[in-house]
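Written below as structure tokens is the structure these notes are about.
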Ligand SMILES: [Mg+2]
């Protein structure tokens, strides 16, 4: 089977960010209001729902810019902080803090097998894109992680208006390619693997107890074999 395109998920597949959103909100609260007594569990329970990727059936194509996205997302940040005791007058600076903290690329780390996998794809001449349910700044984050030389395009749900597993997200990532020649590699059985298969692509699950391959390098080697 000829491989014309490989599509990667980002978080949990190519890179990880310790503590993700809960830790981010807690760190920002710590920096702005010491001795608040709020735990990561308190924040985690506020963040169980309300992210755009929790409603993948609902497109948000009306959002056109990073600022629009953060304005929409700010409602969840405000609600979460108010629920743990923040004051209304603190919210603006907490929101700004969350944006700059979360978009700080130095807090993301590539998994150790990723560069070798990317090099194998470059050697094979296979185009590579990233398709992620993520913040608008994902392009800058992947660039700072050193992926520019390996990735042809980065699609983030924040700016394309569709969250995986919405079929349109995969359609946008595969534009110009026949879906049956494209492989999606990701760590989420629903958003990545099943979503890709529903869109006519091949889905490969990695870094998951039920994964097809244990990591990205093994998956890439199998796809290229
Ligand atoms: Mg993921």
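In the working numbering, the protein residues as written are 967 to 1191.
Built from N, CA and C at the ideal position, the CB exists for glycine as well.
Nothing here was measured: the structure is a model prediction, and the numbers come from that model.
Exclusion of the five residues before and after residue 1075 leaves 981, 982 as the residues of its chain whose Cβ lies within less than 7 Å of its Cβ.
Just so you know, the alpha carbons of residue 1048 and residue 986 end up roughly 20 Å apart. Your pair residue 1083 and residue 1182 checks out as a contact, with CB atoms roughly 5 Å apart and the cut at 8 Å. Put simply, the residues with a CB less than 6 Å from any heavy atom of ligand 1 are 975, 977, 978, 979, 1152, 1153, 1154, in chain order.
Exposed is the label assigned to residue 1066, since fewer than 16 other Cβ atoms lie within 10 Å of its Cβ.
Contact between the stretch 1141-1150 and the stretch 1106-1125 is not established, with fewer than three Cβ pairs separated by less than 8 Å. Residue burial is scored here from C-beta neighbours: residue 1024 has fewer than 16 other C-beta atoms within 10 angstroms and is therefore classed as exposed. The residues 1147, in chain order, have a CB closer than 8 Å to that of residue 968 in the same chain once the five nearest residues on each side in sequence are set aside. Between residue 1155 and residue 1125, the gap from beta carbon to beta carbon reaches 7 Å or more. Taking a C-beta distance under 7 Å as the contact criterion, residue 1013 and residue 1046 qualify as a contact pair. The three-state secondary structure of residue 1185, taken from DSSP, is helix. For residue 1068, the closest C-alpha among the options 1055, 991, 1003, 1009 is that of 991. Under DSSP, residue 1179 takes part in a beta bridge, and its partners are 1172. DSSP places residue 1149 in the uninterrupted beta strand (DSSP E) bounded by 1148-1152. A distance below 6 Å between beta-carbons, with the five flanking residues on each side excluded, links residue 1040 to the following residues of its chain, in chain order: 1061. Shown here for residue 1008: same chain residues with a beta carbon closer than 6 Å to its own, the five before and five after excluded, namely 1050 in chain order.
In the three-state reduction of the DSSP assignment, residue 991 falls in the helix class. With a threshold of 16 other beta carbon atoms within 10 Å, residue 975 meets it and is buried. Around the Cβ of residue 1136, a 10 Å sphere holds 16 or more other Cβ atoms; the residue is buried.
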